[in-house]
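Colleague: Sequence positions in the sequence shown follow this note's numbering and run 11 to 313.
For every residue, glycine included, the Cβ atom is placed at its ideal position computed from N, Cα and C.
The structure under discussion is supplied below as structure tokens; questions concerning it will follow.
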Amino acid sequence: MRDPIRKGTDVVELCRKHPYHTKLGGNVNILVTGASGFVGRQLVAALADRRPEDSLSVLLLPGENIPQPFVGKVLVERGDLRNPDSIRRAIRGKDLVFHLAGHISYWILDAETLKAVNVDGVRAIVQACMDFGVKRLVHVSSVGAIGFDPLGIPADEARPFNWPDNFHYMTTKRDGQRIVEQAAREKGLDAVIVNPASIMGPGDPEPYSAHNRLYGNMFRLPVFIGTFGGGLAVVDVRDLVATILAAAERGRSGESYLSVGANVPYKEVLSLMARHAGKKFLPIVIPSFALACAGWLAELLSR
11 MRDPIRKGTD VVELCRKHPY HTKLGGNVNI LVTGASGFVG RQLVAALADR RPEDSLSVLL
71 LPGENIPQPF VGKVLVERGD LRNPDSIRRA IRGKDLVFHL AGHISYWILD AETLKAVNVD
131 GVRAIVQACM DFGVKRLVHV SSVGAIGFDP LGIPADEARP FNWPDNFHYM TTKRDGQRIV
191 EQAAREKGLD AVIVNPASIM GPGDPEPYSA HNRLYGNMFR LPVFIGTFGG GLAVVDVRDL
251 VATILAAAER GRSGESYLSV GANVPYKEVL SLMARHAGKK FLPIVIPSFA LACAGWLAEL
311 LSR
């Protein structure tokens with residue numbers, strides 16, 4: 011199969027090939043939330059390279075260390091999506107806001123945190139943007155906020171949401187996105203939405219993130235256990251950053267834009283990972299209902 015993750019091109023080099031010129035003119039005050047994460051770091055690097063005349067600020071949690079690549083290049087705002095007053099302080103005076111921060115978890119015990127960050131936090135961002143006259147909000151949501159086709163037909167942005175209610179990550183990303191869409195439609199907020207697929211590529215600063223733990227645990231056993239049905243939509247982080255910048259420049263307010271590089275069957279995804287990790291891919295197929303029962307039991311025991 012074709013490896014959906016390219017080699018040898020960093021995000022700054024890629025974005026130089028696709029110049030970014032905001033309609034807001036020069037000397038723009040920019041804020042990036044989620045700047046210390048996988049995508050945020052690379053977006054900040056691209057913005058600092060392409061827009062050196064702008065004032066670039068990043069939102070970090072109180073007490074969070076400033077990532078070394080940011081030192082001397084950005085201004086630091088301190089805030090927490092669960093504290094609306096801190097969000098208002100960070101957004102005051104900004105022209106362009108890239109909202110990347112969010113909480114990723116598929117564990118039922120994280121339902122309250124998911125709502126607090128992915129729904130109430132988005133509401134705080136949107137309200138502050140409207141109150142302080144932000145000229146454009148770029149909200150990075152998730153492909154999980156869009157519905158799926160049970161037959162595996164690729165979806166587009168218009169696919170109605172149809173994930174079950176107990177998929178809390180997906181439902182909170184949907185609810186957060188709807189807040190942005192409503193503000194753009196009914197209250198005049200200039201906002202665009204990007205829906206990335208599962209993000210892969212170089213430069214992830216969080217080896218213990220939810221996705222990395224999941225993939226890492228797969229290699230603890232000599233075999234791969236699963237149903238291997240369905241597939242995974244993936245996007246290279248560098249392509250995603252280029253998409254985010256394009257949405258900021260050319261996106262239509264109120265619209266959402268999927269960012270997907272490839273749709274890959276799960277068996278091929280795991281085979282590719284095994285090859286890169288120098289492992290043999292030895293799949294053991296078990297029925298989906300057995301995995302579902304095991305997951306239900308694990309969540310029950312964790313309470």
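Got a sec? Which residues, its chain only, sit under 8 Å from residue 176 by beta carbon, not counting five neighbours each side?
Modeller: Cβ neighbours of residue 176 beyond the five flanking positions: 118.
Colleague: Residue 52 to residue 46, Cα distance in whole Å?
Modeller: Roughly 9 Å separates the two Cα atoms.
Colleague: Residue 254 lies in the alpha helix (DSSP H); which residues open and close that run?
Modeller: Segment 247 to 260, the alpha helix (DSSP H) holding residue 254.
Colleague: Counting Cβ pairs closer than 8 Å, one from the stretch 244 to 260 and one from the stretch 201 to 215, do we hit at least three?
Modeller: Contact holds: three or more Cβ-Cβ distances are below 8 Å.
Colleague: In the structure shown, what three-state DSSP assignment does residue 287 receive?
Modeller: It is coil, neither helix nor strand.
Colleague: Tell me the rounded alpha-carbon separation between residue 158 and residue 150.
Modeller: Answer to the nearest angstrom: the Cα atoms are 19 Å apart.
Colleague: Using DSSP bridges, identify the partner residues of residue 271.
Modeller: Residue 271 is not bridged to any residue.
Colleague: Just to confirm before moving on: does the CB-CB distance between residue 155 and residue 205 stay below 9 Å?
Modeller: Cβ distance < 9 Å, so residue 155 and residue 205 count as in contact.
Colleague: Taking the Cβ atom as the reference point for each residue, do residue 202 and residue 111 lie within a distance shorter than 9 Å?
Modeller: Cβ atoms of residue 202 and residue 111: not closer than 9 Å.
Colleague: Beta-carbon within less than 6 Å of residue 94's beta-carbon, same chain only, minus the 5 sequence neighbours each way: which residues are those?
Modeller: Excluding residues within five positions, the ones whose Cβ falls inside 6 Å are 134.
Colleague: Which value, in whole angstroms, describes the spacing of the CA atoms of residue 255 and residue 147?
Modeller: Residue 255 and residue 147: Cα-Cα distance of roughly 12 Å.
Colleague: In this structure, what does DSSP give as the bridge partners for residue 108?
Modeller: Bridge partners of residue 108: 42 and 148.
Colleague: For the putative contact between residue 91 and residue 127, defined by C-beta atoms under 8 Å, what is the C-beta separation to the nearest angstrom?
Modeller: Rounded, the Cβ-Cβ distance is 5 Å, consistent with contact.
Colleague: Would you call the CB atoms of residue 189 and residue 104 closer than 9 Å?
Modeller: Taking 9 Å as the Cβ cut-off, residue 189 and residue 104 do not qualify as a contacting pair.
Colleague: Would you please state the rounded distance, in angstroms, between the beta carbons of residue 214 and residue 80? I believe it to be under 8 Å.
Modeller: Not confirmed; about 16 Å, so no contact.
Colleague: Can you tell me which of 139, 71, 180 and 130 puts its alpha carbon nearest to the alpha carbon of residue 153?
Modeller: Closest option to residue 153, Cα to Cα, is 180.
Colleague: For residue 51, report the span of its alpha helix (DSSP H) as first-last.
Modeller: 48 to 60 is the extent of the alpha helix (DSSP H) around residue 51.
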